[in-house]
Amino acid sequence: MDNKRKYVSVSAEFPGPKTKALLEKRKQFVPRGVGNTTPVFVQKGQGALVLDVDGNVFLDFAGAIGTLNAGHCPPEVVEAVQKQAEQYIHASFHVAMYEPYIALAEKLASLTPGGFAKKTILLSSGAEAVENAVKIARKYTGKPGIVSFTRGFHGRTLLGMSLTSKVKPYKFQMGPFAPATYKAMYPYPLYRPEGMTEDQYALFCVEQFEDLLLTEAAPEELAAVIMEPVQGEGGFIVPPAAFVKGVYEICRKNNILFIADEIQTGFGRTGTMFASEQFGIEPDMITMSKSLAAGVPISAVTGRAEVMDAPNPGEIGGTYGGSPLGCVAALAVIEKMERENLSARAQRIGEIIRNHFKVMSTKFPIIADVRGMGAMCAVEFLDPATRKPLKEFVANLVKKSYESGVILLSAGVHGNVIRFLTPLVITYDQLEEGLDIIAESIGGLAQNESVMTH
Ligand SMILES: Cc1ncc(COP(=O)(O)O)c(C=O)c1O
């Protein structure tokens, strides 16, 4: 045990005996394609802390890939789900309707950006929200084409994969993919060509998008553009505002719908309820999931009422779409986020994380970039001499961190980025402890690598 720590405690024998036994069974009964980033089996979660089946305690800096902005098991959410489960667990909205679905649709209409009339369909997963947004866009516009962006991630279904642009592991040997899907260039400010100013780079990227309308698909063939306002899986890349606004305006002029995929950016993560607000855009549709309901599976597409009404009855939906448990959990999460102003907390958490790594970057030149919006922060590692992405280093850092008590996630097409998705209810004390552990892990690994220090 590490007695220096106030919150985490991980035995030197990690993974412990119960975990080892479960890992054996997992190997026997669960396909390896269902990947894992840590060998942790959870016993209990509370706020930003996770207790495993062997009694180890971790700080959760991954938040179930951005699902836990409101933390593990917020008491309000647990209570709402318990109460709902005592009444009815499911009735299927297509058969017998229920009030929580209506209440959540009404709430999302006022919460999402855009002063126009809105409607919402509720589903179960992020990929399903993306699929439905695309169906609705095609139905409304009568056009087939969908544009997504390089390094974007939109899910693991056939259409989700088709819109996603990291080949391994998400698409490799899984094709052929859905037709009429196109990839436009997404900015990557770290790799801005030398000699180009930030403004010039934003303009250049907008021009690349305009070129796509000439070289790949005409606006008359395009139903929608789907964009993550800040890329998640792609490496927490914050695009220049002028790029997002530029593409949005081209869509407006050309009768192309703009879908903001806020599945990872939503619900306070970037410092506002939705990242779109910070880019000054009002998307025609927004896809949401993850932190919407603190881990109860539910997703949503909220959009302009006339767009959302394009499909005929029966053309969209699903048996489990908008499960009552998910609806009441989401309502409790939103109420909590507003009451505790978790968006403002995200701003502060983000500042602390970025300051921490900016200071570290003066000592460790492998830290090539510290970036983010609100608490959606990332650190990118490159070899300072060759500028090569340090994928293996980041994999080792993730391992060393969880062995020392911090559950951490990597990201980026090169796997050389660590991203922070801590619950927004994490205490500042817990945050500092987690950051110290990561700093020590970097220091420890750096001793073994010549590229790490000046
Ligand atoms: C931006 C974005 N879109 C879509 C998805 C897919 O969501 P799900 O895994 O719930 O299908 C994700 C998941 O990471 C995501 O980050």
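Okay, so the sequence shown: first residue is -14 according to our numbering, each after it adds one.
For glycine and all other residues, C-beta sits at the position ideal for the given N, C-alpha and C.
None of these values were measured; they are calculated from a predicted model.
Go through its chain and collect everything with a Cβ distance to G311's Cβ below 7 Å, but skip five positions before and after it. A278, V281, P282, I283
Taking Cβ to Cβ, would you say I392 is nearer than 7 Å to D39? no
Mind checking whether the beta-carbon of E213 lies closer than 6 Å to any heavy atom of ligand 1? yes
What ranges does the alpha helix (DSSP H) occupy inside the stretch 261 to 347, keeping only unbroken runs of at least 4 residues that lie completely in it? 261 to 264, 290 to 293, 309 to 324
Just to confirm, does S274 get its C-beta within under 6 Å of one of the non-hydrogen atoms of ligand 1? yes
When burial is assigned at 16 or more other CB atoms within 10 Å of the CB, is F14 buried or exposed? Flag for F14 reads exposed.
Any heavy atom of ligand 1 within a distance shorter than 6 Å of the CB on G20? Checking every heavy atom of ligand 1 against the Cβ of G20, none is found closer than 6 Å.
Quick check on DSSP: helix, strand or coil for G32? strand
For S274, does the count of other Cβ atoms within 10 angstroms reach 16, so buried, or fall short, so exposed? buried
Residues of its chain near V66, where Cβ-Cβ distance is below 6 Å and the 5 sequence neighbours each way are ignored: Contacts found: L310, A314.
Use the C-beta contact count for H439: other C-beta atoms within 10 angstroms, 16 or more gives buried, fewer gives exposed. Confidence at H439 is low in this model, with a pLDDT of 43, below 50, so its placement is unreliable and the value that follows should be read with caution. Exposed is the call here.
Since L382 contacts I403 with CB under 8 Å, what's their CB separation in whole angstroms? 7 Å
In the DSSP assignment, find the unbroken alpha helix (DSSP H) run with C236 in it and report its ends. 226 to 238
Can G140 be considered in contact with ligand 1, in the sense that its beta carbon sits closer than 6 Å to one or more heavy atoms? yes
Beta-carbon of F264 versus every beta-carbon of chain D: anything under 7 Å? The displayed structure is made up of one protein chain only, and chain D is not part of it.
Indicate, with yes or no, if ligand 1 has a heavy atom lying under 6 Å from the CB of I106. no
Would the beta-carbon of L53 fall within 7 Å of that of P408? yes
Taking 7 Å as the cut-off, decide whether the C-beta atoms of F162 and S147 are in contact. yes
With DSSP as the reference, label T126 as helix, strand or coil. When secondary structure is reduced to three states using DSSP, T126 falls in the helix class.
Continuous beta strand (DSSP E) stretch holding D414: start and end: That residue, D414, is in no beta strand (DSSP E); its alpha helix (DSSP H) goes 413 to 431.
A362 (DSSP reduced to helix, strand or coil): Before going on, a small fix: residue 362 reads as Cys here, not Ala. If DSSP states are grouped into helix, strand and coil, C362 belongs with the strands.
How far does the beta strand (DSSP E) with A245 in it reach, from first residue to last? 242 to 246
Quick one: does the C-beta of I271 sit closer than 6 Å to a heavy atom of ligand 1? no
Would you grab the beta carbon distance between L108 and G306 for me? Rounded to a whole angstrom, and I think it's under 8 Å. 5 Å
For K385, which residues in the same chain have their Cβ closer than 7 Å to its Cβ, ignoring the five residues on either side in sequence? S426, G429, L430
Can you list, in chain order, the residues of its chain whose CB lies under 7 Å from that of A47, leaving out five sequence neighbours each side? So the list reads I392, L393, L394, L406, once near-sequence residues are dropped.
Touch check for the stretch 256 to 272 and the stretch 206 to 220: three-plus C-beta pairs under 8 Å? With the cut-off at 8 Å, the stretch 256 to 272 and the stretch 206 to 220 touch.
Taking the straight line between their C-alpha atoms, what separation do you get for G30 and T255? 23 Å
Unbroken beta strand (DSSP E) run spanning V42, endpoints: 42 to 45
Does ligand 1 have even one heavy atom less than 6 Å from the beta-carbon of I283? No, ligand 1 has no heavy atom inside 6 Å of this Cβ.
Is A163 near ligand 1, with its Cβ less than 6 Å from a heavy atom? no
Best match in E365, A360, L8 for proximity to M345 [C-alpha to C-alpha]: The shortest C-alpha separation from M345 is found at E365.
Express the C-alpha separation of A360 and G419 in angstroms, rounding to a whole number. 14 Å
Take T142 and list the residues in its own chain whose beta-carbon comes closer than 7 Å to its own, dropping the five residues that flank it on each side. A112, E116
Near P85, what residues of its chain come up, given a Cβ to Cβ distance below 6 Å and the 5 sequence neighbours on each side ignored? P309, C312, V313
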